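S.K.: Starting off with a structure, shown below.
Here it is in structure tokens:
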């Protein structure tokens, strides 16, 4: 499968986000990753749908919206209307509400004509989300605990990536996007891809580098 690089805006300068997106578009980025944090599910607060809406006219790249928030159903319409191409919600946030909340949320996302994804933290077994693999367009395996950029990659998640890809193949979804987020850099990207991930979220390693295009290229190699 072709590797896709989704550059996280979490490490960007929010005051020049428009210029950042335009530059990334010329550097070989495949997607733009928006880390939406509510100060409750994770400690920090970042931004809401207005950020996505304002940036949407500035880029033709797919917008990969990662909701690290409580009660994600309340925000789906805002981000769908803002121009998100895929919206990912966390198993942990949904499971606290009800047994059916995750499935219902994924179906709600799809009702707006947007792709849906489901994320799990490093300490959550990937088997917990196997029941919604058939519905999801993407699975996001966190390789750090969400909330802050610049953390170190947790290598134990590599086994979860393998399990996710194997299960996707077993149900006839071998081309499912399996995304990893957290501590991704050129030094570990090969082992991440070998484990079965094809969408790599990278923020700090790209945006803090001297040459964004070269770093993105290295992430694919």
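Residue numbers (the numbering used here): 70 to 290. Glycine included, C-beta positions come from ideal geometry on N, C-alpha and C. Being a predicted model, the structure only gives us computed values, none of them experimental.
1. With DSSP collapsed to three states, give me the class of residue 149.
2. Can you tell me which residues form a DSSP beta bridge with residue 77?
3. If you follow the beta strand (DSSP E) that residue 137 is part of, which residue opens it and which one closes it?
4. Taking residue 115 as the reference, which of 83, 96, 224 has the closest Cα?
5. On the three-pair Cβ rule with 8 Å, is the stretch 159 to 177 touching the stretch 189 to 207?
6. At which residues does the beta strand (DSSP E) containing residue 246 begin and terminate?
7. Spell out a yes or no on whether the stretch 178 to 190 and the stretch 154 to 163 are touching, meaning 3 or more CB-CB pairs, one atom from each, closer than 8 Å.
8. Please give the ranges of any alpha helix (DSSP H) in the stretch 219 to 274, keeping only runs that are unbroken, at least 4 residues long and fully inside the region.
9. Closest to residue 264 by C-alpha separation, out of 92, 229, 126, would be which residue?
10. Quick one, which of 168, 239, 119, 253 has its alpha-carbon nearest residue 210's?
11. Using the Cα positions of residue 101 and residue 167, report the straight-line distance between them to the nearest angstrom.
12. Is there contact between the stretch 116 to 130 and the stretch 77 to 97, where contact requires at least three CB pairs shorter than 8 Å?
13. Which residue comes first and which comes last in the beta strand (DSSP E) that contains residue 185?
14. Indicate the three-state DSSP secondary structure (helix, strand or coil) for residue 295 in the structure shown.
15. Which residues in the same chain have their Cβ closer than 8 Å to the Cβ of residue 146, if we skip the five residues on either side of it in sequence?
16. Sorted by chain position, which residues of the same chain lie with C-beta nearer than 8 Å to residue 193's C-beta, five sequence neighbours on each side aside?
17. So, for residue 213: in the same chain, excluding its five sequence neighbours on each side, which residues have a beta-carbon less than 8 Å away from its beta-carbon?
18. With DSSP as the reference, label residue 107 as helix, strand or coil.
19. Considering only residues of the same chain and omitting the five flanking positions on each side of residue 108, which have a CB-CB separation below 7 Å?
20. Name, in chain order, the residues that DSSP records as bridge partners for residue 114.
M.R.: Well, looking at it:
1. If DSSP states are grouped into helix, strand and coil, residue 149 belongs with the helices.
2. Bridge pairing for residue 77: 102 [DSSP].
3. Unbroken beta strand (DSSP E) run through residue 137: 132 to 137.
4. Cα-wise, what sits closest to residue 115 is 83.
5. Here the stretch 159 to 177 makes contact with the stretch 189 to 207; the two share three or more CB pairs at distances below 8 Å.
6. Bounds of the beta strand (DSSP E) holding residue 246 are 246 to 250.
7. With the rule of 3 Cβ pairs closer than 8 Å, the stretch 178 to 190 counts as touching the stretch 154 to 163.
8. For the stretch 219 to 274, whole alpha helix (DSSP H) runs of length 4 or above, ordered along the chain, are 226 to 239, 258 to 264.
9. Here the closest residue by C-alpha is 229.
10. Measuring from the Cα of residue 210, the nearest candidate turns out to be 253.
11. So the alpha carbons of these two residues sit roughly 31 Å apart.
12. Contact between the stretch 116 to 130 and the stretch 77 to 97 is present, with at least three C-beta pairs closer than 8 Å.
13. Run containing residue 185: 184 to 189, per the beta strand (DSSP E) assignment.
14. The requested residue 295 does not occur in the structure, where the chain is confined to residues 70 to 290.
15. Scanning its chain for C-beta atoms nearer than 8 Å, with the 5 sequence neighbours on each side dropped, one finds around residue 146 the residues 181, in chain order.
16. Listed in chain order, the non-local C-beta contacts of residue 193 below 8 Å within the same chain comprise 160, 161, local neighbours out to five positions each way being set aside.
17. Here residue 213 has 191, 220, 221, 222, 223, 250, 251, 252 as same chain residues with Cβ atoms under 8 Å from its own Cβ, once five neighbours each way along the sequence are excluded.
18. Three-state result, residue 107: strand.
19. Result list for residue 108: 114, in chain order.
20. Here residue 114 is bridged, per DSSP, to 107.
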